[in-house]
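Okay, so here's the structure we're looking at.
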Amino acid sequence: ERHIAIILREVLEGICYLHSQPLPIMHRDMKSDNVLLGLDGRIKITDFGFACQLTPEKRSRNEVIGTACWMPPEVIKGQEYATKVDIWSFGILAQELVDGEPPYYTDPARQIMYSIATKGRGNFKNPSKLSPEFKNFVKQCTITDYRTRPRAGDLLKHPFLQKHADGVVEEITPLITAMIATNTIKFESF
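Per my numbering, residue 269 is the first one in the sequence shown, and the count goes up by one each step.
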C-alpha cells in the first residue's frame, strides 16, 4: 500500500492543481490509461480530450462523458456536476491499483453504467488484505452523493496518505526498473 499511496498522492496533487485554477479544470476521464509513470517515478496526468474549464457563467456541466468503469453516478445520470467527478474516477483508479482492474470491468458498458448508477462503486476483490485506512480512502472518494464527496485538497490530508507521507517517488523507481528489465517485448521489431 505504501507504493500505491505514493502514486495516488502524486496523482491527487495533479488533480488538486487542475481544480484550484482560477477557472477550474475538470479532467473527466481520470483512469489508469491516462496516468503515466516516468522512469524517475514521477507521475504525469495525460489525455485531456474530455477536459473542460469551468467559468463564472458555467460553473457546472451535465454531459455524459468519460469511460464507463470510471464514470461517477452523477455523470451517468446526466445530472449537473463539477470538479468532484474527478474525485470519483480517482477513487476507482485507487481501487484498480489494488485489484488489477476497476469494478464491473468484465461487464458490457451499459451494464457497468447501470451498476454504478444503482449500486455505486463495486466491492474490492480481497478486502481482508487491505488496511482500514485504504478502504476508507476509496470509500470517501466514491461517495455517491457528490455534494458530500471530499475535494482533492481534503483528501491529501486523509489518514491513508498521511500514514505514508514520508514516501517519495524515488522509492518506486526500482520497481519501474525491474518491470522494464523483465519485459519480453522486443521493441526493435517494431
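Yeah, the Cβ is synthetic: ideal placement off N, Cα and C, and Gly gets one too.
Predicted model only: the values in this text are computed from it and were never measured.
- Message: Determine whether the beta carbon atoms of M381 and A336 lie at a separation below 8 angstroms.
- Response: Sequence index remark: in the sequence shown, residue 381 carries index 113 (1-based). Sequence index remark: in the sequence shown, residue 336 carries index 68 (1-based). The beta carbons of M381 and A336 sit closer together than 8 angstroms.
- Message: Tell me the rounded alpha-carbon separation between E369 and Q363.
- Response: To locate residue 369, count along the sequence shown from 1; it is residue 101. To locate residue 363, count along the sequence shown from 1; it is residue 95. Cα to Cα, E369 sits roughly 8 angstroms from Q363.
- Task: Please classify V366: does DSSP put it in a helix, a strand, or coil?
- Result: Stepping through the sequence shown from its first residue, residue 366 is reached at position 98. Shown here, V366 sits in a helix according to DSSP, grouped into three states.
- Message: Going by beta-carbon coordinates alone, are R504 and A350 separated by less than 8 angstroms?
- Response: The question about residue 504 has no answer, for the chain in this structure spans 269 to 458.
- Message: For a test of the three-state rule: what should DSSP assign to I411, helix, strand or coil?
- Response: Within the sequence shown, numbered from 1, the residue matching residue 411 stands at position 143. In the structure shown, I411 sits in coil (DSSP, three-state: anything other than H, G, I, E or B).
- Task: Return the chain-ordered list of same chain residues with a C-beta closer than 8 angstroms to the C-beta of E438, the five sequence neighbours on each side being excluded.
- Result: For the purposes of this step, residue 438 is taken as residue 170 along the sequence shown, with counting starting at 1. The answer, listed in chain order, is D308 and G309.
- Query: How would you label R277, buried or exposed, when you count the other beta carbons within 10 angstroms and need 16 or more for buried?
  - Reply: Reading the sequence shown from its first residue, position 9 is the one you call residue 277. Buried is the call here.
- Anticipated Cβ contact below 8 angstroms, G390 with P418, distance rounded: Residue numbering aside, residue 390 sits at position 122 when the sequence shown is read from its first letter. Residue numbering aside, residue 418 sits at position 150 when the sequence shown is read from its first letter. Their Cβ separation, rounded to whole angstroms, is 20 angstroms, which puts G390 and P418 out of contact at 8 angstroms.
- Task: Classify V279 as buried or exposed, calling it buried when 16 or more other Cβ atoms lie within 10 Å of its own Cβ.
- Result: Position 11 of the sequence shown, counted from the start, is the residue given in the question as residue 279. Looking at its Cβ environment, which holds 16 or more other Cβ atoms inside 10 Å, V279 is buried.
- Given a threshold of 16 other Cβ atoms within 10 Å of its Cβ, counted over all protein chains shown, does K352 qualify as buried or as exposed? Here residue 352 refers to the residue found at position 84 of the sequence shown. Buried, since its Cβ has 16 or more Cβ neighbours within 10 Å.
- Task: Work out the CA separation of T416 and A273 for me, nearest whole Å.
- Result: Position 5 of the sequence shown, counting from 1, holds the residue named residue 273. Position 148 of the sequence shown, counting from 1, holds the residue named residue 416. About 23 angstroms.
- Look at the Cβ atom of A287, then the Cβ atom of F316, and state whether they are nearer than 8 angstroms. Mapped onto the sequence shown, residue 287 falls at position 19. Mapped onto the sequence shown, residue 316 falls at position 48. It should be pointed out that residue 287 corresponds to His in this sequence rather than to Ala. Contact flag unset, no.
- Using 10 angstroms around the beta-carbon of L304, count the other beta-carbons present and answer buried if the total reaches 16, otherwise exposed. Position 36 of the sequence shown, counted from the first residue, corresponds to residue 304. That one is exposed.
- Query: What separation, rounded to the nearest whole angstrom, lies between the Cα atoms of A433 and C320?
  - Reply: Counted from its first residue, the sequence shown places residue 433 at position 165. Counted from its first residue, the sequence shown places residue 320 at position 52. Distance between the alpha carbons of A433 and C320 is about 31 angstroms.
- Query: In this structure, does DSSP put K352 in helix, strand or coil?
  - Reply: Position 84 of the sequence shown, counted from the first residue, corresponds to residue 352. Helix, per DSSP.
- Item | Segment limits, beta strand (DSSP E) that includes K312 | The residue labelled residue 312 in the question sits at position 44 within the sequence shown. DSSP places K312 inside the beta strand (DSSP E), whose first and last residues are I311 to I313.
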